[in-house]
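A.B. asks: For the sequence shown, position 286 (counting from the first letter as 1) is numbered 1518 according to the numbering used here, and the numbering increases by one without interruption. From the three backbone atoms N, C-alpha and C, an ideal C-beta is built for every residue, glycine too. First, the structure itself, so that you have it in front of you.
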Amino acid sequence: MLKEAIYHRPKNQFAYSCHDGTVQIMLRTKHLDLNSVTLFYGDPFQFVDNRWVKTSVSMKISGHDELLDYWLVRIQPPQKRLRYAFELIHNEEKLFFTEKGFCDFVHDDFSAYFCFPFYHKSDSFTAPNWVKETVWYQIFPDRFSNGTTTNDPVATLPWNSTEPTVATIFGGDLKGVLKKLDYLVDLGITGIYFTPIFKANSNHKYDTIDYFEIDPQFGDKQTFKKLVEECHKKGIRIMLDAVFNHCGENFPPFQDAILNRNGSPYKDWFHFTENQMRELHYETFSFEKSMPKLNTTNPEVKQYLIDVGQYWIKEFNIDGWRLDVANEIDHQFWREFRQAVKSVKKDVFLVGEVWHDALPWLEGEQFDSVMNYPLTNMLHRFFAYDEINAKQFGDELQSYMHQYPKPQYEMLFNIVGSHDTPRIINIAQMNKKRVKLIKAFQFSFLGSPSIYYGDEIGLTGDQDPGCRKCMVWEKEGQDQEMLTFMKKLIHLRKKYPIMANEGDFKLLATDANTNYLCYSRKTKNQLLLVVMNKSAEKQSISLPIDIKNKTILDLWKSEEFAANSSSIDVTLEPYDFSFLLIRHPCET
1233 MLKEAIYHRP KNQFAYSCHD GTVQIMLRTK HLDLNSVTLF YGDPFQFVDN RWVKTSVSMK
1293 ISGHDELLDY WLVRIQPPQK RLRYAFELIH NEEKLFFTEK GFCDFVHDDF SAYFCFPFYH
1353 KSDSFTAPNW VKETVWYQIF PDRFSNGTTT NDPVATLPWN STEPTVATIF GGDLKGVLKK
1413 LDYLVDLGIT GIYFTPIFKA NSNHKYDTID YFEIDPQFGD KQTFKKLVEE CHKKGIRIML
1473 DAVFNHCGEN FPPFQDAILN RNGSPYKDWF HFTENQMREL HYETFSFEKS MPKLNTTNPE
1533 VKQYLIDVGQ YWIKEFNIDG WRLDVANEID HQFWREFRQA VKSVKKDVFL VGEVWHDALP
1593 WLEGEQFDSV MNYPLTNMLH RFFAYDEINA KQFGDELQSY MHQYPKPQYE MLFNIVGSHD
1653 TPRIINIAQM NKKRVKLIKA FQFSFLGSPS IYYGDEIGLT GDQDPGCRKC MVWEKEGQDQ
1713 EMLTFMKKLI HLRKKYPIMA NEGDFKLLAT DANTNYLCYS RKTKNQLLLV VMNKSAEKQS
1773 ISLPIDIKNK TILDLWKSEE FAANSSSIDV TLEPYDFSFL LIRHPCET
């Protein structure tokens, strides 16, 4: 038994409370090292005849990667409090694992046991329930649709007349979005994420000048209010981009601080230092001198930004904030920001831009979600770049699936491309079949999927600024076959909640040589099998799943057939997939 690989602590994804009062407990061990794990647990104050009352339950492996097994169990604490420890068996070897380490036997002195002091419902992860059913559409306002030329800046170019540069302006605006709402409804969209719309100098608006004003090139507040109202009538939520890590160099408080230095009331709003030559230096986003970093620990800055967060909810009834460069802002600010905006609108959605392991921000007191770039990178490396095979992808996916508590996965903002990455068709080496596989995975996986505007019609583009092309509205310039594909995929996810967040996820099979994978989504009454062939060869895949006397519905082909076999055989064309719904679930 490799003791060094055994890990647990009563926190984070290893032990957490759920809204139904249960506690989910996970233990990590070396892959294929243990025969069984048993959890011994009880209430720390319950005794009978001076003996502590404990019970036991077997734990099951919920998944594994190349190195580790993950054992899981969900229990109901007798009195909302818990002491527990693990019995580990490896062939003839038996050990007891507690907070103090290892011993050779199960004992009644629970003082060494792991402790879950008390279940508080307020400690459970809480996020807006509507998000789990939302299909997002990300809009870069200057490039989506020009609804009126009356607010076009002088330098505005004719729509799609040239390749974009870092400075070009094409005149997209809020009226343009209003005019295209029926298109979004027809596509199946139920949420819009706007990159910044506030007053700024650039075309991307991440250099904010005024957080309380809409940039004139996009329109005015009246137009925005109408847009939100019309979207809500059509069942579409609105999420704005909050750039609180930094501002633009023309932000009035920054200009005052630069001009008056120590005499400025705003000198502590930023991170200023002076070198030996008495030159003024300040922290920035990246190395962009035009984007000075805000000091969010300063009480005045904190209150100013909280006021911004509340204002757009109170006045315009927006539904969410996407929080730019969220990982570079102190945690205490986000705690206070969350409380403040949730006090105005309880179910407002908070999404942080964090490109790495985001657990410190997802413990219930800061964000509801993050932009799920770790998943994005895995999908790119497997489906697009061929950097890893199906077995390696499966191992990475299993490790990823045990990185957060399960409720958090249902809220993650799942993207395959954005304004900060090349277009998905470019990432997939212009191979549409690879794109379809990626999208099929995205829309049959846990989380809240997002489409970057134009991906549904095959819009191309390399890294910024290439990925920020104008939307093409002429049908002859659109990939209509891809558009039809995306509509169908969105429709299936919305029609069958098991494809979204109602079904538990389980990886069933992968193959390193033939590059197929199979996973399931399971509820009490249904089992969905997703089979993918990520190879250039047609192949038949046999899955050892008992489907005797079962009715199977092929969701993609809309075909139903009866099965009577101890296995299921699926034949797939190159880069093809299948969604098979079994109405009466079998063991997987």
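1. Can you have a look at Asn1604 and say buried or exposed, based on whether 16 or more other CB atoms are within 10 angstroms of its CB?
2. If I follow the unbroken alpha helix (DSSP H) through Val1460, where does it start and stop?
3. Since Ala1622 is in the alpha helix (DSSP H), which residue starts that stretch and which ends it?
4. Closest to Asp1618 by C-alpha separation, out of Leu1314, Lys1766, Tyr1345 and Asp1275, would be which residue?
5. Out of Met1258, Phe1476 and Asp1736, state which residue places its alpha-carbon closest to the alpha-carbon of Lys1437.
6. Taking the alpha-carbon positions, what's the Phe1809 to Met1731 distance?
7. Between Phe1483 and Phe1581, what straight-line distance do the alpha-carbon atoms span, to the nearest angstrom?
8. Does the distance from the C-beta atom of Arg1666 to that of Gly1686 stay below 9 Å?
9. At what residues does the beta strand (DSSP E) containing Lys1754 begin and finish?
10. What are the boundary residues of the beta strand (DSSP E) that Ala1474 is part of?
11. Going by Cα to Cα distance, which pick from Phe1376, Val1573 and Trp1593 is closest to Asp1539?
12. Are the CB atoms of Phe1346 and Tyr1302 within a distance shorter than 9 Å?
13. Quick check on DSSP: helix, strand or coil for Ser1294?
14. Checking contacts by CB at 9 Å: is Ile1468 closer than that to chain C?
15. For the candidate residues Gln1710, Phe1811, Tyr1751 and Ile1683, whose alpha-carbon lies nearest to that of Val1367?
16. Enumerate, from N- to C-terminal direction, the unbroken beta strand (DSSP E) stretches of 3 or more residues contained entirely within the stretch 1291-1337.
17. Arg1815 and Gln1758: beta carbons closer than 9 Å?
18. From this set, Ser1434, Ser1680 and Arg1493, which residue's C-alpha is nearest Asp1600's C-alpha?
19. Candidates Val1460, Thr1381, Lys1292 and Tyr1369: which alpha carbon is nearest Gly1423's?
20. Quick one: what does DSSP say Gly1584 is sitting in, helix, strand or coil?
21. Would you grab the beta carbon distance between Ala1616 and Ala1672 for me? Rounded to a whole angstrom, and I think it's under 8 Å.
22. Assign Asp1562 to buried or exposed, taking buried as 16 or more other Cβ atoms, counted over all protein chains shown, within 10 Å of its Cβ.
23. Check whether the stretch 1408-1419 touches the stretch 1564-1579, counting contact only when three or more Cβ pairs, one atom from each stretch, lie closer than 8 Å.
24. Within 10 angstroms of the Cβ of Pro1531, are there 16 or more other Cβ atoms? Answer buried if so, exposed if not.
25. Output needed for Leu1749: all residues of its chain with C-beta closer than 8 Å, excluding positions within five of it in sequence on either side, in chain order.
26. Applying the criterion that 16 or more other CB atoms from any shown protein chain within 10 Å of the CB defines a buried residue, is Met1662 buried or exposed?
27. Of the residues Trp1284, Glu1791 and Phe1372, which one's Cα is nearest the Cα of Ser1343?
28. Would Glu1325 and Met1233 be called neighbours here (beta carbons separated by less than 9 Å)?
29. Give the straight-line distance between the Cα atoms of Val1602 and Val1557, rounded to the nearest whole angstrom.
30. Go through its chain and collect everything with a Cβ distance to Leu1715's Cβ below 7 Å, but skip five positions before and after it.
31. To the nearest angstrom, report how far apart Ile1307 and Leu1271 are at their CA atoms.
32. Under 8 Å: do the stretch 1633-1653 and the stretch 1383-1397 share three or more Cβ pairs, one atom per stretch?
33. If you count every other CB in all the chains shown that lies within 10 Å of the CB of His1464, and 16 or more means buried, which is it?
34. Under 6 Å Cβ to Cβ from Asp1384, same chain only, skipping five residues before and after it: list those, please.
35. Which residues mark the beginning and the end of the beta strand (DSSP E) in which Glu1445 is found?
36. DSSP beta-bridge partners for Asn1765?
C.D. replies: On the basis of the coordinates in this document:
1. As a first step, residue 1604 is located in the sequence shown; it is residue number 372 there, counting from the start. Answer is buried; the Cβ neighbour count reaches 16.
2. Indexing the sequence shown from 1 puts residue 1460 at position 228. In the DSSP assignment, Val1460 falls within the alpha helix (DSSP H) that extends over Lys1453 to Lys1465.
3. Your numbering for residue 1622 matches position 390 in the sequence shown. Unbroken alpha helix (DSSP H) run through Ala1622: Ala1622 to Tyr1632.
4. Numbered from its first residue, the sequence shown carries residue 1618 at position 386. Of Leu1314, Lys1766, Tyr1345 and Asp1275, the residue nearest in Cα terms is Lys1766.
5. As a position in the sequence shown, residue 1437 is number 205, starting the count at 1. Nearest C-alpha to Lys1437: Phe1476.
6. Mapped onto the sequence shown, residue 1809 falls at position 577. Mapped onto the sequence shown, residue 1731 falls at position 499. For Phe1809 and Met1731, the distance between alpha carbons rounds to 14 Å.
7. Your numbering for residue 1483 matches position 251 in the sequence shown. Your numbering for residue 1581 matches position 349 in the sequence shown. Here the alpha carbon of Phe1483 sits roughly 27 Å from the alpha carbon of Phe1581.
8. Here residue 1666 refers to the residue found at position 434 when the sequence shown is read from its first residue. Here residue 1686 refers to the residue found at position 454 when the sequence shown is read from its first residue. Not closer than 9 Å, so no.
9. As a first step, residue 1754 is located in the sequence shown; it is residue number 522 there, counting from the start. Tyr1748 to Lys1754 is the span of the beta strand (DSSP E), which, as asked, contains Lys1754.
10. Sequence index remark: in the sequence shown, residue 1474 carries index 242 (1-based). Residues Arg1469 to Ala1474.
11. The residue given as residue 1539 occupies position 307 in the sequence shown. Among Phe1376, Val1573 and Trp1593, the Cα nearest to that of Asp1539 belongs to Val1573.
12. Here residue 1302 refers to the residue found at position 70 when the sequence shown is read from its first residue. Here residue 1346 refers to the residue found at position 114 when the sequence shown is read from its first residue. Between Tyr1302 and Phe1346, the C-beta gap is not smaller than 9 Å, which leaves the two residues out of contact.
13. Counted from its first residue, the sequence shown places residue 1294 at position 62. Looking at Ser1294 - three-state DSSP - the assignment turns out to be strand.
14. The structure shown has no chain C; it contains just one protein chain.
15. The residue you call residue 1367 lines up with position 135 of the sequence shown. Shortest Cα-Cα distance from Val1367 to any of Gln1710, Phe1811, Tyr1751 and Ile1683 involves Ile1683.
16. For the stretch 1291-1337, whole beta strand (DSSP E) runs of length 3 or above, ordered along the chain, are 1292-1296, 1300-1307, 1314-1322, 1325-1330 and 1333-1335.
17. Here residue 1815 is taken as the residue at index 583 of the sequence shown, counted from 1. Here residue 1758 is taken as the residue at index 526 of the sequence shown, counted from 1. Yes, the pair counts as a contact, with Cβ atoms nearer than the cut-off.
18. By 1-based counting over the sequence shown, the position of residue 1600 is 368. Nearest C-alpha to Asp1600: Ser1680.
19. Here residue 1423 is taken as the residue at index 191 of the sequence shown, counted from 1. If you compare the alpha carbons of Val1460, Thr1381, Lys1292 and Tyr1369 with that of Gly1423, the shortest gap goes to Tyr1369.
20. Taking the sequence shown and counting its residues from 1, the one referred to as residue 1584 is at position 352. In this structure, DSSP gives Gly1584 an extended state, which the three-state scheme calls strand.
21. Counted from its first residue, the sequence shown places residue 1616 at position 384. Counted from its first residue, the sequence shown places residue 1672 at position 440. By a beta-carbon distance limit of 8 Å, Ala1616 does not contact Ala1672. Their separation comes to about 14 Å.
22. Here the question's residue 1562 lines up with position 330 in the sequence shown. By the neighbour-count criterion, in which 16 or more other beta carbons inside 10 Å mark a residue as buried, Asp1562 falls on the exposed side.
23. Not touching, per the Cβ criterion.
24. Taking the first residue of the sequence shown as position 1, residue 1531 is located at position 299. Flag for Pro1531 reads exposed.
25. The residue given as residue 1749 occupies position 517 in the sequence shown. Same-chain partners within the cutoff: Ala1622, Phe1625, Gly1626, Leu1739, Ala1741, Thr1742, Asp1743, Val1763, Met1764 and Lys1766.
26. The residue you call residue 1662 lines up with position 430 of the sequence shown. An exposed status is given to Met1662, since fewer than 16 other beta-carbon atoms sit within 10 Å of its beta-carbon.
27. By 1-based counting over the sequence shown, the position of residue 1343 is 111. Checked all of Trp1284, Glu1791 and Phe1372; the closest Cα to Ser1343 is Trp1284.
28. As a working mapping, residue 1325 is identified with position 93 in the sequence shown. As a working mapping, residue 1233 is identified with position 1 in the sequence shown. Yes, the pair counts as a contact, with Cβ atoms nearer than the cut-off.
29. Reading the sequence shown from its first residue, position 370 is the one you call residue 1602. Reading the sequence shown from its first residue, position 325 is the one you call residue 1557. Between Val1602 and Val1557, the C-alpha separation is close to 11 Å.
30. Counted from its first residue, the sequence shown places residue 1715 at position 483. Correct list, in chain order: Glu1688 and Ile1689.
31. Residue mapping note: residue 1307 aligns to position 75 of the sequence shown, counting from 1. Residue mapping note: residue 1271 aligns to position 39 of the sequence shown, counting from 1. If I take the Cα positions, the gap works out to 10 Å.
32. Output reads no: the stretch 1383-1397 does not touch the stretch 1633-1653.
33. Along the sequence shown, read from residue 1 onward, the residue named residue 1464 stands at position 232. It is exposed - the Cβ of His1464 has fewer than 16 other Cβ atoms within 10 Å.
34. As a first step, residue 1384 is located in the sequence shown; it is residue number 152 there, counting from the start. The answer, listed in chain order, is Gly1403.
35. In the sequence shown, the residue the question calls residue 1445 occupies position 213. Boundaries of the beta strand (DSSP E) around Glu1445: Thr1440 to Ile1446.
36. Position 533 of the sequence shown holds residue 1765. DSSP, once it has assigned bridges, lists Tyr1748 and Asp1808 as partnering Asn1765.
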